[in-house]
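First the structure, in the form of structure tokens, and then the observations on it.
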Amino acid sequence: MADKVILLDLFASMFGMRARVALALKGVEYEYREEDLRNKSQLLLESNPVHKKIPVLIHNGKPVCESLIIVQYIDEVWNHKSPLLPSDPYQRAQARFWADYIDKKLYDAGRNIWTSKGDEQEFMEILKQLESQLGEKAFFGGESLGFVDVALITYSTWFHTYEMCGNFSIEEQCPKVVAWVKRCLEIEAVSKSLPDPDKIYDFALVLRKVFGIDKA
Ligand SMILES: N[C@@H](CCC(=O)N[C@@H](CS)C(=O)NCC(=O)O)C(=O)O
Ligand SMILES: *[C@@H]1O[C@H](CO)[C@@H](O)[C@H](O)[C@H]1NC(C)=O
Ligand SMILES: *[C@@H]1O[C@H](CO)[C@@H](O)[C@H](O)[C@H]1NC(C)=O
């Protein structure tokens with residue numbers, strides 16, 4: 008029997024995009040379901056009763072929640088190609104450390120920029136830390152795209168929004184990160200899974216009005 012895979016998602020979610028990229032890298036066919044977070048589907052509420060958040064991957068009726076856990080699950084189940092986590096336990100631990108670092112730091116710092124709660128300084132410090140971790144490697148995973156690359160590349164769809172809302176240039180301060188983004192986007196599974204940054208910016212501008220940051 009063929010696998011039945013459903014992804015509950017929201018197009019602008021950097022968390023949801025991680026699952027989309029991982030599924031595309033593995034060549035898994037799935038049904039994409041866009042959620043309205045102000046009016047969540049019964050399936051979302053039942054599948055993620057603890058957090059009630061997207062993304063949720065539903066594999067043959069069984070839900071998996073939390074984007075990094077979903078990516079690891081995808082890597083383990085569809086292990087025939089494009090391994091994301093390294094096989095060496097120490098290297099795996101390092102990859103998980105950096106993905107965890109991204110989760111603990113980057114979302115809030117980015118959100119503070121586009122909601123005008125803070126400037127870009129904190130965000131750029133985190134990105135510079137990641138840039139030094141990348142070093143001279145092509146990818147965080149080394150020669151090929153890995154777990155940390157999947158965890159981080161989805162944020163690049165929001166870079167334009169951060170730059171517009173914060174009036175600054177990421178490339179000026181982190182040219183190697185921007186070069187890395189371009190390298191990742193040369194991989195079709197990545198580029199076809201990520202939305203147009205202009206659409207993200209439009210989405211953020213709508214939210215800024217909803218939140219009362221900009222005049223309606
Ligand atoms: N740690 C979670 C974060 C997911 C998350 O924050 N999802 C947001 C959308 S980007 C959500 O579903 N929010 C709905 C809510 O909070 O009610 C993950 O990595 O999957
Ligand atoms: C909420 O979603 C349901 C379907 O999931 C739809 O029938 C209903 O019209 C929606 N309500 C609003 C207020 O958008
Ligand atoms: C944006 O930044 C540039 C230089 O960094 C400055 O000249 C310009 O006035 C700024 N624009 C706004 C709208 O703050």
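If you count the sequence shown from 1, you need to add 7 to reach the working numbering. Beta carbons: idealized from backbone N, C-alpha and C, even for Gly. Just so it is clear, the structure is predicted and the values come from calculations on it, not from any experiment.
heavy atom of ligand 1 below 7 angstroms from residue i C-beta
{"i": "residue 70", "result": "no"}
{"i": "residue 22", "result": "yes"}
{"i": "residue 62", "result": "yes"}
{"i": "residue 44", "result": "yes"}
{"i": "residue 91", "result": "no"}
{"i": "residue 73", "result": "yes"}
{"i": "residue 111", "result": "no"}
Nearest-angstrom Cα separation, counted from residue j out to residue i
{"i": "residue 199", "j": "residue 213", "result": "24 angstroms"}
{"i": "residue 217", "j": "residue 209", "result": "13 angstroms"}
{"i": "residue 32", "j": "residue 137", "result": "23 angstroms"}
{"i": "residue 195", "j": "residue 28", "result": "10 angstroms"}
{"i": "residue 71", "j": "residue 16", "result": "13 angstroms"}
{"i": "residue 47", "j": "residue 74", "result": "18 angstroms"}
{"i": "residue 57", "j": "residue 19", "result": "22 angstroms"}
{"i": "residue 78", "j": "residue 143", "result": "25 angstroms"}
{"i": "residue 23", "j": "residue 110", "result": "13 angstroms"}
{"i": "residue 197", "j": "residue 25", "result": "9 angstroms"}
{"i": "residue 64", "j": "residue 50", "result": "11 angstroms"}
{"i": "residue 97", "j": "residue 147", "result": "15 angstroms"}
{"i": "residue 188", "j": "residue 223", "result": "33 angstroms"}
{"i": "residue 219", "j": "residue 205", "result": "21 angstroms"}
{"i": "residue 203", "j": "residue 193", "result": "15 angstroms"}
Selected residue, minimal CA-CA separation from residue i, among the options
{"i": "residue 37", "options": "81, 203, 148", "result": "81"}
{"i": "residue 30", "options": "102, 202, 84", "result": "84"}
{"i": "residue 225", "options": "207, 115, 52", "result": "This structure does not reach residue 225, given that the chain is present from 8 up to 223, and the question cannot be answered."}
{"i": "residue 11", "options": "68, 55, 44", "result": "68"}
{"i": "residue 186", "options": "220, 154, 141", "result": "141"}
{"i": "residue 99", "options": "128, 133, 154, 204", "result": "154"}
{"i": "residue 76", "options": "184, 180, 62", "result": "62"}
{"i": "residue 179", "options": "135, 220, 203", "result": "135"}
{"i": "residue 150", "options": "169, 115, 89, 21", "result": "89"}
Check: residue i C-beta below 7 angstroms from any heavy atom of ligand 3
{"i": "residue 119", "result": "no"}
{"i": "residue 55", "result": "no"}
{"i": "residue 67", "result": "no"}
{"i": "residue 86", "result": "no"}
Any non-hydrogen atom of ligand 2 closer than 7 angstroms to residue i Cβ
{"i": "residue 48", "result": "yes"}
Proximity test, Cβ basis, 8 angstroms: residue i and chain C
{"i": "residue 78", "result": "You won't find chain C in this structure, because it holds only one protein chain."}
Can you give, in chain order, each stretch of the alpha helix (DSSP H) that sits fully within the stretch 66 to 120 and has at least 4 residues? 74 to 84
Whether or not the stretch 95 to 112 and the stretch 155 to 165 are in contact is what I'm after, with contact meaning three or more pairs of Cβ atoms, one per stretch, closer than 8 angstroms; do they touch? Counting Cβ pairs under 8 angstroms, three or more are found: they touch.
Are the stretch 117 to 124 and the stretch 162 to 176 in contact at 8 angstroms, needing three or more beta carbon pairs? With a cut-off of 8 angstroms, the stretch 162 to 176 and the stretch 117 to 124 count as touching, because enough Cβ pairs lie within range.
Every unbroken alpha helix (DSSP H) inside the stretch 117 to 190 [4 residues or more]: 128 to 141, 154 to 160, 163 to 173, 177 to 180
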